[in-house]
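Q: Got a structure here, written out as structure tokens. Questions coming.
Residue numbers (this note's numbering): 1 to 328.
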């Protein structure tokens with residue numbers, strides 16, 4: 001529609017001419033179709049379909065993927081992220097979506113050890129792969145101009161600067177795990193859909209934040225944190241998680257009555273066994289990931305030192321750019 005002064009109104013065809021608008025409409029339509037199918041025809045859907053469809057998780061995965069793809073197309077071939085980085089980003093997004101928006105979520109709501117597996121994927125594995133991919137410059141490049149301005153607005157950057165402080169990042173990483181494992185809080189989160197959503201969002205968001213600090217391969221000047229501190233963070237968070245997992249795994253009391261109250265999906269696994277398996281999942285996989293992340297930090301340190309030494313080599317005045325990894 002055009003007003004009397006010849007300017008486009010809110011429903012003008014030009015509004016839908018941009019790729020961003022068409023993509024938003026397509027994703028919005030897809031979300032409505034998927035919600036309708038899950039709401040009224042759940043039995044006819046495959047196991048990879050959502051158990052409880054969430055618009056927030058759908059958009060939180062599809063829009064970044066769309067922006068990443070657009071960002072790749074807008075990046076010069078020589079500066080594009082490597083294939084393994086793109087693959088890591090896709091894997092990270094896929095595993096998070098898989099534990100939150102497939103029938104696995106139903107299993108995680110009825111067995112404590114599967115719930116712990118879900119949280120390890122949300123808080124550790126998925127964010128680990130996303131941070132390893134370092135997709136932020138590519139995603140920003142593919143965002144619509146308004147979204148990009150919002151993402152780099154001063155309040156957002158100040159917030160990120162604060163929460164990326166090493167001690168605070170480590171405290172949030174371990175503290176949020178411990179918070180949602182307090183039996184009374186865990187029970188409330190599992191029966192309250194709104195609090196359940198907050199719990200899951202806090203796990204994913206905090207996981208991405210922490211691993212993006214630890215796995216940042218930029219030098220200290222650009223990252224704002226030394227490689228030594230990154231290594232300390234990677235190892236430091238391991239010990240509280242081992243302690244939490246050991247306390248739960250070795251407990252002789254049923255700490256999480258929710259799963260008996262709602263009914264375990266595998267009745268052959270008793271409460272204490274379920275709890276013990278869950279404690280081991282808290283204990284072992286995160287510890288292994290801390291060791292892997294330490295090795296990656298040491299490798300990043302080696303690469304940074306090599307890059308710093310090359311410009312000073314006799315007869316070699318070329319500068320080494322980290323853009324092949326950081327996208328900058």
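Where is the CB? At the ideal position from N, CA and C, for every residue including glycine.
All values reported here derive from a predicted model rather than from experimental measurement.
#1: Under 6 Å Cβ to Cβ from residue 203, same chain only, skipping five residues before and after it: list those, please.
#2: Given a threshold of 16 other Cβ atoms within 10 Å of its Cβ, counted over all protein chains shown, does residue 237 qualify as buried or as exposed?
#3: Could you check what DSSP says for residue 252 in three-state terms: helix, strand or coil?
#4: Quick check: is any heavy atom of the ligand COA less than 6 Å from the C-beta of residue 33?
#5: Determine the burial state of residue 43: buried for a count of at least 16 other Cβ atoms within 10 Å of its Cβ, exposed for fewer.
#6: Using DSSP with H/G/I as helix, E/B as strand and the rest coil, what is residue 331?
#7: What is the residue span of the alpha helix (DSSP H) that residue 235 lies within?
#8: Of all the options 254, 128, 189, which has the alpha carbon lying nearest to the alpha carbon of residue 290?
#9: Report the residue from 190, 161, 184, 182 whose alpha carbon sits nearest the alpha carbon of residue 213.
#10: Of the choices 205, 299, 37, 117, whose alpha-carbon is the least far from that of residue 227?
#11: From this set, 255, 62, 79, 178, which residue's C-alpha is nearest residue 93's C-alpha?
#12: State the start and end residues of the unbroken alpha helix (DSSP H) segment that holds residue 138.
#13: Can you find the residues in the same chain that come closer than 8 Å, C-beta to C-beta, to residue 246, ignoring five residues on each side of it along the sequence?
#14: How big is the Cα-Cα spacing for residue 209 and residue 130?
#15: Grouping DSSP H, G and I as helix and E and B as strand, with all else coil, what is residue 301?
#16: Is residue 174 buried or exposed, if buried means 16 or more other CB atoms sit within 10 Å of its CB?
#17: Mind checking whether residue 234 and residue 294 have CB atoms under 7 Å apart?
#18: Near residue 75, which residues of its chain fall below 7 Å by C-beta distance, leaving aside the five closest residues on each side in sequence?
#19: Could you compute how far the alpha carbon of residue 304 sits from the alpha carbon of residue 292?
#20: Can you tell me whether residue 211 is buried or exposed, with buried defined as 16 or more other CB within 10 angstroms of its CB?
#21: May I have the straight-line CA-CA distance separating residue 183 from residue 111, to the nearest angstrom?
#22: Could you give the distance in angstroms between the alpha-carbon of residue 83 and the alpha-carbon of residue 157?
A: By the coordinates alone:
#1: The sequence position of residue 203 within the chain shown is 203, counting from 1. Contacts found: 119, 122, 123.
#2: Within the chain shown, numbered from 1, the residue matching residue 237 stands at position 237. With 16 or more Cβ atoms within 10 Å of its Cβ, residue 237 is classed as buried.
#3: Numbered from 1 along the chain shown, position 252 holds the residue referred to as residue 252. In the structure shown, residue 252 sits in coil (DSSP, three-state: anything other than H, G, I, E or B).
#4: Ligands are entirely absent from the displayed structure, and the ligand COA is therefore not among its contents.
#5: Position 43 of the chain shown holds residue 43. So residue 43 ends up on the exposed side.
#6: Beyond the ends of the chain as shown, which are 1 and 328, falls residue 331; an answer cannot be given.
#7: Indexing the chain shown from 1 puts residue 235 at position 235. Residue 235 -> alpha helix (DSSP H) spans 227 to 236.
#8: The sequence position of residue 290 within the chain shown is 290, counting from 1. Comparing Cα-Cα distances from residue 290 to each of 254, 128, 189, the minimum goes to 128.
#9: Translated into the one-based positions of the chain shown, residue 213 becomes position 213. Of the candidates 190, 161, 184, 182, the one whose C-alpha sits nearest the C-alpha of residue 213 is 161.
#10: Looking up residue 227 in the chain shown gives position 227. Out of 205, 299, 37, 117, 299 has the C-alpha closest to the C-alpha of residue 227.
#11: Here residue 93 corresponds to residue number 93 of the chain shown, with the count starting at 1. Here the closest residue by C-alpha is 62.
#12: The sequence position of residue 138 within the chain shown is 138, counting from 1. Element bounds for residue 138: 136 to 142.
#13: Within the chain shown, the letter at position 246 stands for residue 246. Within the same chain, residue 246 has close Cβ partners 279, 283.
#14: In the chain shown, residue 209 corresponds to position 209, counting from 1. In the chain shown, residue 130 corresponds to position 130, counting from 1. C-alpha separation (whole angstroms): 10 Å.
#15: Numbered from 1 along the chain shown, position 301 holds the residue referred to as residue 301. Three-state result, residue 301: helix.
#16: The residue labelled residue 174 in the question sits at position 174 within the chain shown. Buried: at least 16 other Cβ atoms inside 10 Å.
#17: Here residue 234 corresponds to residue number 234 of the chain shown, with the count starting at 1. Here residue 294 corresponds to residue number 294 of the chain shown, with the count starting at 1. Yes; because the gap between Cβ atoms is below 7 Å, this pair is in contact.
#18: Counting from one through the chain shown, the residue named residue 75 turns up at place 75. Once the five neighbours on either side are set aside, the close Cβ partners of residue 75 are 138, 141.
#19: Indexing the chain shown from 1 puts residue 304 at position 304. Indexing the chain shown from 1 puts residue 292 at position 292. Going by the C-alpha atoms only, they are around 19 Å apart.
#20: Here residue 211 refers to the residue found at position 211 when the chain shown is read from its first residue. It is buried - the Cβ of residue 211 has at least 16 other Cβ atoms within 10 Å.
#21: Within the chain shown, numbered from 1, the residue matching residue 183 stands at position 183. Within the chain shown, numbered from 1, the residue matching residue 111 stands at position 111. Near 14 Å, if we compare the C-alpha coordinates of residue 111 and residue 183.
#22: In the chain shown, residue 83 corresponds to position 83, counting from 1. In the chain shown, residue 157 corresponds to position 157, counting from 1. So the alpha carbons of these two residues sit roughly 29 Å apart.
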